[in-house]
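A short write-up of the structure that comes next.
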Amino acid sequence: MHDDITDVPGIRVGQNTNLEAGTGCTVILCDTPATGGVDVRGGAPATRETDLLRPMHLVEGINAILLAGGSAFGLDAAGGVMRYLEERGVGYDTGVARVPIVPAAAIFDLGLGSATVRPDAASGYRACEQASSDAIEQGTVGAGTGATVGKLAGPTFMMKGGLGSASMTLSDGSIVGAIVIVNALGDIVDPHTQQIIAGARNPDGNGFMTANPFGNTTIAVVATSAALTREQANKLAQMAHNGIAQAIRPAHTMFDGDTVFALALGPTSQQLHDSLRAAIQISIIGAAAATTLARAIVKAVRNATTLHGVPAVQS
Numbered sequence: 033m034h035d036d037i038t039d040v041p042g043i044r045v046g047q048n049t050n051l052e053a054g055t056g057c058t059v060i061l062c063d064t065p066a067t068g069g070v071d072v073r074g075g076a077p078a079t080r081e082t083d084l085l086r087p088m089h090l091v092e093g094i095n096a097i098l099l100a101g102g103s104a105f106g107l108d109a110a111g112g113v114m115r116y117l118e119e120r121g122v123g124y125d126t127g128v129a130r131v132p133i134v135p136a137a138a139i140f141d142l143g144l145g146s147a148t149v150r151p152d153a154a155s156g157y158r159a160c161e162q163a164s165s166d167a168i169e170q171g172t173v174g175a176g177t178g179a180t181v182g183k184l185a186g187p188t189f190m191m192k193g194g195l196g197s198a199s200m201t202l203s204d205g206s207i208v209g210a211i212v213i214v215n216a217l218g219d220i221v222d223p224h225t226q227q228i229i230a231g232a233r234n235p236d237g238n239g240f241m242t243a244n245p246f247g248n249t250t251i252a253v254v255a256t257s258a259a260l261t262r263e264q265a266n267k268l269a270q271m272a273h274n275g276i277a278q279a280i281r282p283a284h285t286m287f288d289g290d291t292v293f294a295l296a297l298g299p300t301s302q303q304l305h306d307s308l309r310a311a312i313q314i315s316i317i318g319a320a321a322a323t324t325l326a327r328a329i330v331k332a333v334r335n336a337t338t339l340h341g342v343p344a345v346q347s
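Residues 33 to 347, numbered by this note's numbering, are exactly what the sequence shown covers, in order.
Here it is, written out as structure tokens:
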């Protein structure tokens, strides 16, 4: 076990990192089509294919999810993920072509490094080529390369955010994993100690300023080895947002792009249709996803490294 999202069987993660430009992308590949869900809480998201994940829509199998820097420009990287999958015969069969299903979300990182270099289709393709089920590199990597936190006092006093991942095994043997890109305007709080561990630094260099009243952008994927329906996967994404609220304050404002995707990789034949048993199952998995996502957020900033003069926690 790696204590990251690749502990969920059938998940592979690949990264493309551009340290000079301060941006990158991260792809989460599903070895078999996964049941997907999504919950967008922020008022300023940069997303792609989110409507497809909601109930009452045709396609149920998700082939990959892309997380990217570059703001809305970075969503172009999903095209490279689609090309990679199409070349391998992966996607929804329309009868005339297979169309890979690749939802995506991006963070705004144009203020660090270069504002004119963003993840593109070639970046997404390269991330797919690197994908594996090995332990994930965390911190200043992939879509978390240009992530920063604590911008209340302006760029002079902000700190590095980054990419984090964690997992948990439940009592029934099912696994819940999370991967997150932490690009918060506000502060990162350790839920266990309730102490700020990264955020807007005081101008005098001592500690942190008061929690930011405006917003932050966090994009994440939670995955489980359990079998869920699409309605249950959407509930999983909804409950996982509690992890953002536990570790980032404030969350879900009109200035946020907070988006959580959910993937269920268990075989559809094992989905629970008894309403009470299904309700208990998703409640347990959703609570675990929130705790796991909060831990991944903390890991993101603790593993980040200084980039372009922006200091990290470990600095």
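Ideal Cβ placement from N, Cα and C applies to all residues, glycine included.
Residues bridged to residue i [DSSP beta-bridge criterion]
{"i": "residue 50", "result": "55"}
{"i": "residue 380", "result": "Outside the displayed range of the chain (33 to 347) lies residue 380, so it cannot be described from this structure."}
{"i": "residue 219", "result": "281"}
{"i": "residue 294", "result": "69 and 254"}
{"i": "residue 313", "result": "Beta-bridge pairing links residue 313 to no other residue."}
{"i": "residue 94", "result": "66"}
{"i": "residue 79", "result": "137"}
{"i": "residue 227", "result": "222"}
{"i": "residue 181", "result": "191"}
{"i": "residue 164", "result": "45"}
Terminal residues of the beta strand (DSSP E) in which residue i lies
{"i": "residue 209", "result": "207-215"}
{"i": "residue 200", "result": "194-201"}
Secondary structure of residue i, DSSP reduced to three states
{"i": "residue 99", "result": "strand"}
{"i": "residue 341", "result": "coil"}
{"i": "residue 266", "result": "helix"}
{"i": "residue 136", "result": "strand"}
{"i": "residue 323", "result": "helix"}
{"i": "residue 71", "result": "strand"}
{"i": "residue 252", "result": "strand"}
{"i": "residue 247", "result": "Note that residue 247 scores 44 on pLDDT, short of 50, meaning its location in the model is unreliable and no value can be drawn from it."}
{"i": "residue 128", "result": "coil"}
{"i": "residue 333", "result": "helix"}
{"i": "residue 191", "result": "strand"}
{"i": "residue 276", "result": "helix"}
{"i": "residue 307", "result": "helix"}
{"i": "residue 300", "result": "helix"}
{"i": "residue 37", "result": "helix"}
{"i": "residue 318", "result": "helix"}
{"i": "residue 174", "result": "helix"}
{"i": "residue 123", "result": "coil"}
{"i": "residue 14", "result": "Residue 14 falls outside the range modelled here, since the chain spans only 33 to 347, and no answer is possible."}
{"i": "residue 328", "result": "helix"}
Close Cβ partners of residue i (< 7 Å) along its chain, the five nearest in sequence each way excluded
{"i": "residue 318", "result": "267, 268, 271 and 272"}
{"i": "residue 105", "result": "150"}
{"i": "residue 257", "result": "40, 41, 206, 207, 297 and 298"}
{"i": "residue 95", "result": "62, 65, 117, 122, 123, 132, 133 and 134"}
{"i": "residue 110", "result": "80, 98, 134, 136 and 156"}
{"i": "residue 223", "result": "278, 279 and 326"}
{"i": "residue 320", "result": "200, 202 and 208"}
{"i": "residue 89", "result": "83"}
{"i": "residue 107", "result": "78, 80, 100, 136 and 138"}
{"i": "residue 281", "result": "218, 219, 221 and 243"}
Limits of the unbroken alpha helix (DSSP H) element including residue i
{"i": "residue 155", "result": "153-161"}
{"i": "residue 112", "result": "109-119"}
Residues near residue i in its chain [Cβ-Cβ closer than 6 Å; skip 5 each side]
{"i": "residue 348", "result": "Any question about residue 348 goes unanswered here, given that the chain covers just 33 to 347."}
{"i": "residue 344", "result": "192, 336, 337 and 338"}
{"i": "residue 263", "result": "87"}
{"i": "residue 255", "result": "37, 40, 43, 209 and 295"}
{"i": "residue 327", "result": "198"}
{"i": "residue 261", "result": "303"}
{"i": "residue 334", "result": "345"}
{"i": "residue 308", "result": "none"}
{"i": "residue 114", "result": "132 and 134"}
Integer Cβ distance of residue i from residue j, believed to fall under 8 Å
{"i": "residue 191", "j": "residue 178", "result": "Rounded, the Cβ-Cβ distance is 13 Å, inconsistent with contact."}
{"i": "residue 340", "j": "residue 144", "result": "6 Å"}
{"i": "residue 59", "j": "residue 156", "result": "6 Å"}
{"i": "residue 128", "j": "residue 98", "result": "Residue 128 to residue 98, Cβ: 25 Å. No contact."}
{"i": "residue 274", "j": "residue 159", "result": "With 8 Å as the limit, residue 274 and residue 159 do not qualify as a contact, their Cβ atoms being about 29 Å apart."}
{"i": "residue 139", "j": "residue 175", "result": "7 Å"}
{"i": "residue 313", "j": "residue 304", "result": "6 Å"}
{"i": "residue 93", "j": "residue 265", "result": "Between residue 265 and residue 93 the Cβ distance is about 12 Å, and since that is not below 8 Å, they are no contact."}
{"i": "residue 250", "j": "residue 215", "result": "7 Å"}
{"i": "residue 102", "j": "residue 55", "result": "5 Å"}
{"i": "residue 74", "j": "residue 291", "result": "7 Å"}
{"i": "residue 252", "j": "residue 34", "result": "So it is not a contact: roughly 17 Å between Cβ atoms."}
{"i": "residue 330", "j": "residue 180", "result": "So it is not a contact: roughly 16 Å between Cβ atoms."}
{"i": "residue 85", "j": "residue 70", "result": "4 Å"}
Beta-carbon contacts of residue i that lie in its chain and below 8 Å, excluding the five residues immediately before and after
{"i": "residue 227", "result": "221"}
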